[in-house]
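Written out below as C-alpha cells is the structure these notes cover.
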Amino acid sequence: MADITLPGASRTSAQRPLLVWPLVYGLVAMAVIALLNIPAMSDYVGTDNDDVMRLVQVRDLLAGQSWFDVTQYRLGLDGGTLMHWSRLIDLPIAFLIRLFAQILPMDQAEALALLVWPLFLVLPLMGAIAVAARRIGDEVTLHIALLLTAVFVITSNRFLPGSIDHHNVQLVLVATMAAGLLDPARGAASHALAGVAAALAIAIGAETTPLVATVCATVGILWGIEGAPYAKAARSFSLALVISLSAMFFSTVPPVHYAMVTCDSLSVGFYAVVGIGTASLFIATQLPGMHDIRYRIAAIGGTGVLVALGTVSIAPQCLQNPLNELDPLLHSLWLAGVIEAQSFLDQLAKEPAAFGGFYAVSFFAMGVCSFRIFNGDRVRAHAIMLGLIAVSFLIALIQVRGAIFANLLTIPPLALLIGQLRFKARQEPAQLGAGLLFALAAFLSVPSAWSLFGVLFVEGTAGVMNRMKGLSETSAAQAESKPACDTPAGFAALNRLPDGVVVATADLGPEILRFTRHRALAGPYHRNEGGMLTELHVGLAKPDEASAFLRGSGATILVFCPELFQTKNIAATKADGLYAGMLKGEVPPYLRPVALDGPSGMQIYRVELP
46 MADITLPGAS RTSAQRPLLV WPLVYGLVAM AVIALLNIPA MSDYVGTDND
96 DVMRLVQVRD LLAGQSWFDV TQYRLGLDGG TLMHWSRLID LPIAFLIRLF
146 AQILPMDQAE ALALLVWPLF LVLPLMGAIA VAARRIGDEV TLHIALLLTA
196 VFVITSNRFL PGSIDHHNVQ LVLVATMAAG LLDPARGAAS HALAGVAAAL
246 AIAIGAETTP LVATVCATVG ILWGIEGAPY AKAARSFSLA LVISLSAMFF
296 STVPPVHYAM VTCDSLSVGF YAVVGIGTAS LFIATQLPGM HDIRYRIAAI
346 GGTGVLVALG TVSIAPQCLQ NPLNELDPLL HSLWLAGVIE AQSFLDQLAK
396 EPAAFGGFYA VSFFAMGVCS FRIFNGDRVR AHAIMLGLIA VSFLIALIQV
446 RGAIFANLLT IPPLALLIGQ LRFKARQEPA QLGAGLLFAL AAFLSVPSAW
496 SLFGVLFVEG TAGVMNRMKG LSETSAAQAE SKPACDTPAG FAALNRLPDG
546 VVVATADLGP EILRFTRHRA LAGPYHRNEG GMLTELHVGL AKPDEASAFL
596 RGSGATILVF CPELFQTKNI AATKADGLYA GMLKGEVPPY LRPVALDGPS
646 GMQIYRVELP
C-alpha cells in the first residue's frame with residue numbers, strides 16, 4: 046500500500062494528545078471494566094489461582110516475613126516451597142493494602158487494593174501504546190490504537206478487579222519497550238526507559254525473557270545498521286538496563302542465593318548474561334573506527350558470540366524450558382491440563398473455537414508489517430514491530446501464554462493500517478470496496494472478534510448463546526443448582542480443624558492457604574514438584590497403599606472434590622485407586638468425614654491412620 050500522509054499538526058498540539066487521550070481512554074476503559082465485572086463479583090480476588098497465591102504471598106510479607114524470603118512455608122512437603130515470584134509485584138499491592146487499612150478493616154482494605162491495582166495499570170499501558178502509535182503514525186493512529194487497547198483490556202482477563210498476578214505489569218513493560226525502540230529521534234531518554242522496562246521484565250518473570258532478548262538484539266542491530274546517529278541511544282539502553290538490573294538483583298535476591306542459577310526467576314544466570322551483552326555493546330559503540338559498517342557488524346557479531354558463550358558456560362540449563370525437567374507423571378496429570386502452557390496444536394485440538402483469538406491477529410499483523418517493509422513504507426518501524434510480534438508469536442506456538450503479548454504488540458501497526466484505510470474510505474465515499482476493506486481490517490485487528498467468530502463457526506449460534514448464558518449466570522444461581530467445592534461452608538469447616546497438612550488436588554492449594562491456617566501439600570507450581578507428586582500418588586494408589594503416602598507426608602486432612610477436573614482425571618487414570626473408589630462412594634476406614642454447616646461440594650476427612 047502506498048504511504049498516505051494525513052494533515053499534520055503543530056508540535057504543541059502533537060504533544061498534548063500523548064498526555065490527554067491515554068488518560069481519557071484509560072478512564073473510560075476502567076469504568077467499563079468496573080461496570081461489567083463488579084456487580085457480578087462474588088469474591089474480590091481474581092479467578093486465577095495465581096491471583097490467590099499472590100495475595101497469600103503479600104499477606105506473608107505484611108505479616109513480617111522477610112523481603113528476601115519468598116518461601117511459602119505452608120505449601121508442599123515439610124520445609125515449604127521456595128517460590129519464583131518477585132517481591133517487586135508484592136510491594137505496590139502490600140503498600141495499597143497497608144494504606145487502605147488505615148481507614149478500613151483489613152478485608153475491605155484488601156478488596157479495595159485488589160480493585161485499584163489492576164485497573165490502575167490500564168493507564169500506563171494506554172500511555173505506552175499511545176507513544177508507540179504516535180511514533181509509527183499520526184494522531185488518527187493514536188486514537189485507533191487507544192480504542193483497540195481499550196477493547197484489549199476490557200476483553201482480556203489481566204486487568205479485571207482482583208487480577209493481581211504479574212502478567213498485567215509485564216504487558217505494560219512490553220509496550221514500554223516497543224515504544225522506546227520506535228522513537229524516530231533515537232532519543233537517549235526513550236531508550237533508557239526501554240532499558241529500565243527490560244530490566245523490570247526480567248526481574249518480574251521469566252516469561253518475557255525471549256522478548257527482552259529480542260529487544261536487546263534489536264538495539265544492537267539498529268546500531269550496526271545506523272551507526273553514529275544511534276550510538277547514544279544504544280549506550281543509554283545498555284547502561285539503563287545493566288544499572289537497573291543490578292539494583293533489582295541486589296535488592297531482591299538474598300545474598301545466600303547470589304551464586305544460584307535459576308531459570309524461572311532473576312538470578313546470577315540472567316544477571317551475568319545481561320551484563321556481558323550490555324557491557325560489550327556499550328564498549329563497542331565507543332571504539333574507534335565504528336563509522337565503518339563492517340566493523341559495527343563485526344562488533345555486533347562478537348557481542349552475540351560473547352553472550353552465547355556466557356549463557357552456555359554460566360546457565361546452560363536455561364536454554365530449555367524449566368518445565369521440561371518435571372516428572373512425567375506431572376506432565377500428564379497436571380501440566381497437560383494447564384491451558385496457558387499448551388501448544389498451538391493442543392489448543393487447536395481441545396478448543397478450536399478459541400484458536401483464532403490467540404493466533405490470527407498476530408499472523409495478520411506480521412503479514413501487514415512484511416508487506417510494508419517490502420514496499421518501503423516506514424521500514425524501520427515495521428521491521429522493529431515485526432521482530433517483536435514474530436518472537437511473541439513463536440513463543441505462543443509453544444505455549445499459548447505468549448499470545449497475549451503478541452496481540453498487544455499488533456496494535457500500533459494495525460492501528461496505522463486502519464487509519465489509512467479509513468482515510469481512503471472517506472476520500473472515496475462512492476467506492477464501496479474501500480469502506481468494506483476498512484471495516485474488514487478493523488475486524489481482523491481485534492482478537493475478541495476472532496474468538497466470537499470462532500465460536501460461531503465451530504459451535505454455531507447455540508454455542509454463542511450458551512457462552513453468553515454462562516457469563517450471565519450469577520454465582521448464587523450456580524451454587525443453588527450444584528454447590529461448588531470452594532464455597533465458604535467448606536473452608537469454614539476446614540478452618541475449624543486443628544492446624545495440619547491437607548491433601549487436596551493442586552488447584553485447591555492456593556485457596557486452602559488463603560482461607561485456612563493449614564499447610565497444603567499440593568499447589569499448581571512447578572517448584573512444588575514433591576508436594577504435587579505425593580498428592581498424585583495418594584489419589585492413584587490403592588487405599589491400603591495410599592495410607593503409606595499419607596503417613597509419609599504427615600497428612601492430617603484429606604479434601605475431596607468429586608466435580609473437579611483433576612479429581613476425575615486422576616480417578617480415570619487408575620480405576621482401582623483411592624480417588625476412583627471415593628468417586629463411587631468407597632471411603633477407606635482411616636478417613637473420617639467432617640460435618641459441614643452449609644452447602645458445599647467439598648468433602649472433608651480427618652486422616653486417622655492405625
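The sequence shown maps to residues 46 to 655 in this note's numbering. By construction, the Cβ of each residue, glycine as well, lies at the ideal position given by its N, Cα and C atoms.
Which of helix, strand or coil DSSP assigns to residue i
i	result
residue 526	Since pLDDT at residue 526 reaches only 45, below the 50 mark, its modelled position is unreliable, and no value is offered.
residue 586	coil
residue 204	coil
residue 215	helix
residue 455	coil
residue 76	helix
residue 565	strand
residue 68	helix
residue 90	coil
residue 463	helix
residue 170	helix
residue 311	coil
residue 489	helix
residue 189	helix
residue 548	strand
residue 345	helix
residue 196	helix
residue 306	coil
residue 227	coil
residue 440	helix
residue 553	helix
residue 332	coil
residue 542	coil
residue 83	helix
Nearest-angstrom beta carbon gap, residue j and residue i [assumed within contact, 8 Å]
i	j	result
residue 318	residue 285	About 17 Å; that fails the 8 Å criterion.
residue 398	residue 500	4 Å
residue 218	residue 68	Contact doesn't hold; Cβ gap of about 20 Å is too wide.
residue 371	residue 380	6 Å
residue 598	residue 635	That belief does not hold up - the Cβ atoms of residue 598 and residue 635 are roughly 14 Å apart, past 8 Å.
residue 199	residue 78	6 Å
residue 546	residue 557	Contact doesn't hold; Cβ gap of about 10 Å is too wide.
Residue i and residue j closer than 7 Å at C-beta
i	j	result
residue 297	residue 179	no
residue 224	residue 276	no
residue 355	residue 321	yes
residue 142	residue 154	yes
residue 22	residue 575	One cannot answer for residue 22 here, as it falls past the ends of the chain, which runs 46 to 655.
residue 213	residue 166	yes
residue 281	residue 237	yes
residue 534	residue 645	yes
residue 458	residue 413	yes
residue 145	residue 157	yes
residue 323	residue 289	no
residue 407	residue 451	yes
residue 315	residue 247	yes
residue 216	residue 453	yes
Contact the stretch 550-566 vs the stretch 83-97: 3+ CB pairs below 8 Å | yes
Residue ranges of each alpha helix (DSSP H) within the stretch 610-652, 4 or longer | 610-618, 623-628
Entirely enclosed alpha helix (DSSP H) segments - the stretch 232-287, minimum 4 residues = 233-249, 254-271
Would you be able to state if there are at least three C-beta pairs under 8 Å between the stretch 380-395 and the stretch 473-492?
-> no
Decide if the stretch 292-308 is in contact with the stretch 334-344; the criterion is three or more beta carbon pairs, one per stretch, under 8 Å apart.
-> no
Do the stretch 161-177 and the stretch 189-197 meet, that is, are 3 or more Cβ pairs less than 8 Å apart?
-> yes
Kindly confirm or deny that the stretch 645-654 and the stretch 598-611 touch, where touching means at least three C-beta pairs closer than 8 Å.
-> yes
May I ask you to verify whether the stretch 339-351 touches the stretch 251-270, counting CB pairs closer than 8 Å and requiring at least 3?
-> yes
Contiguous alpha helix (DSSP H) assignments of at least 4 residues, all confined to the stretch 93-168 = 94-107, 132-145, 151-165
Kindly confirm or deny that the stretch 306-317 and the stretch 363-373 touch, where touching means at least three C-beta pairs closer than 8 Å.
-> yes
Check whether the stretch 421-433 touches the stretch 399-409, taking contact to mean three or more Cβ pairs, one atom from each stretch, closer than 8 Å.
-> no
Counting only runs of 4+ residues fully inside the stretch 353-428, write out the alpha helix (DSSP H) ranges in chain order.
-> 373-378, 389-395, 400-419
Is the stretch 250-257 close to the stretch 224-235, with three or more CB pairs under 8 Å?
-> no
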